[in-house]
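**Student:**
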Amino acid sequence: MTTYAISAVTGRYGKVALQQLLSNIQRGVGIADSGKDSVIALARNVDKASASVPQGVEVRAADYSDPAQMVTALKGVDRLLFVSSQPGAAVPRLRQHQNVIDAAQKDGVSYIAYTSFAKADSAKSPLAEDHQGTEKALKASGIRHSFLRNAWYLENDMAVFKGAAAGRPLVYSAGEGRVSWASEKDYAQAGANVLVEAEPAEVYEFGGTPRTFAQMAQEVEKVTGKHVDVKAVDDAGYEQALKDSGMDEGLAQVLTSFQTMMRAGELDVDSPDLENALGHAPEPMSEALKNAIA
Ligand SMILES: NC(=O)c1ccc[n+]([C@@H]2O[C@H](COP(=O)([O-])OP(=O)(O)OC[C@H]3O[C@@H](n4cnc5c(N)ncnc54)[C@H](OP(=O)(O)O)[C@@H]3O)[C@@H](O)[C@H]2O)c1
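With the first letter of the sequence shown counted as 1, position 59 gets the number 58 in numbering that gives the first Met the number 0; the numbers rise by one all the way through.
1) Would you call the region 185-192 in contact with the region 251-271, where contact means no fewer than 3 C-beta pairs closer than 8 Å?
2) Using the three-state DSSP reduction, which class does Leu21 fall into: helix, strand or coil?
3) Excluding five sequence neighbours on each side, which residues of the same chain lie with their C-beta closer than 7 Å to the C-beta of Val45?
4) Quick one: using the 10 Å Cβ neighbour count with 16 as the cut-off for buried, is Glu238 buried or exposed?
5) Please list the terminal residues of the continuous beta strand (DSSP E) segment that includes Arg59.
6) Between which two residues does the beta strand (DSSP E) containing Thr114 stretch?
7) Measuring from the CB of Gly10, is there a heavy atom of ligand 1 at a distance below 7 Å?
8) Under 7 Å Cβ to Cβ from Leu288, same chain only, skipping five residues before and after it: list those, please.
9) Under 8 Å between the Cβ atoms of Ile30 and Thr2?
10) Any heavy atom of ligand 1 closer than 7 Å to the Cβ of Gln252?
11) Could you check the C-alpha separation between Ala181 and Ser270 for me, to the nearest Å?
12) Considering only residues of the same chain and omitting the five flanking positions on each side of Glu9, which have a CB-CB separation below 8 Å?
13) Give me the DSSP bridge partner(s) of Arg148.
14) If we count the other Cβ atoms within 10 Å of its Cβ and call it buried at 16 or more, is Ser179 buried or exposed?
15) Which two residues bound the contiguous alpha helix (DSSP H) that contains Ile292?
16) Would you mind sorting Thr71 into buried or exposed? The rule is 16 or more other CB atoms within 10 Å of its CB.
17) Considering only the alpha carbon of each residue, which of Ala158, Tyr113 and Arg143 lies closest to Asp129?
18) Which residue wins for smallest C-alpha separation from Asp65, given the options Gly87, Leu79, Ser37 and Ala102?
19) What is the DSSP secondary structure of Ala165, counted as helix, strand or coil?
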């Protein structure tokens, strides 16, 4: 019997991963003694989690910022799907993550699958720093682990693609940089599948077929049958376009830094890992766009 836990089950990733894990166990895709495995849903906000978690699944309080609560939360857990926290909280994200790893060590958790960042070992983006620190901490912990290095959620840029579908120009400064967009659902299902692998790999580079923004414009054209006006600009022009649209300067700078990161190829992941972990091809781009645009 294996006791699985998934953290941050109130988030979009955690919700899908939990459904997928329950389905895996129901179908007998557990690592051993299938049918007797159990699942614990971990959440910072237990009331919020209880409203969405299927009946019969134990919900435990698990705020990464609270080291003692994390120790209680991980009692008896064998395998943990550890969903990375969000940056910008009072307790720095890397400290939060260290709390989870320390608690897992104390509780004898035998395996952790952690949602990391594309090519974390070589990534230069500031966005990767906490993930690099967490990978290092996991290695140092001696706990068996997998790094689920998720490239880029399609949902991050869906508003831009929907705008293009609605006739607005698709403005970008990422140049010919390719991005391995895939839907968050696929990343989450793949993560839950890895969690039940008998012999999980240490590193998974998850991402969809790499595409440039110009190629994404073509995908939108295919789905809508309408021409998309593409505007390739430099970073200064991109930031200005965001500010002209009413965005505040801070957010415009952050979004521009994402374009710089994309231009540098940091989210270009040409790997079969996502398809292999899913057991089927990721959701076709045309389908994902069609559903979102509809
Ligand atoms: N690769 C990419 O493109 C990409 C894009 C976006 C996000 N991400 C990463 O993926 C993670 C999951 O994404 P998502 O779409 O599920 O985000 P989301 O829907 O915004 O959910 C974030 C989750 O993190 C939980 N959380 C935040 N702080 C926490 C803490 N201190 N302790 C425990 N749980 C905490 C939230 O709990 P509450 O419900 O209580 O707020 C929520 O469950 C993000 O946190 C981020 O690290 C990656």
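For each residue, glycine too, the CB sits at the ideal point set by N, CA and C. Keep in mind it's a predicted model, so treat the numbers as computed, not measured.
**Tutor:** This is what the structure gives:
1) no
2) Helix.
3) Only Val58 and Ala60 meet the Cβ criterion.
4) Here Glu238 is buried: its Cβ has 16 or more other Cβ atoms, across all protein chains shown, within 10 Å.
5) Glu57 to Ala60
6) Tyr110 to Phe116
7) yes
8) Phe160, Glu218, Val219 and Val222
9) no
10) no
11) 12 Å
12) Rather than Glu, the amino acid found at residue 9 in this sequence is Thr. Taken in chain order, the residues that qualify are Ala42, Arg43, Asn44, Lys47, Ala48 and Ser51.
13) Ser115 and Glu204
14) So Ser179 counts as buried.
15) Here the alpha helix (DSSP H) through Ile292 covers Met284 to Ile292.
16) So Thr71 counts as exposed.
17) Tyr113
18) Ala102
19) coil
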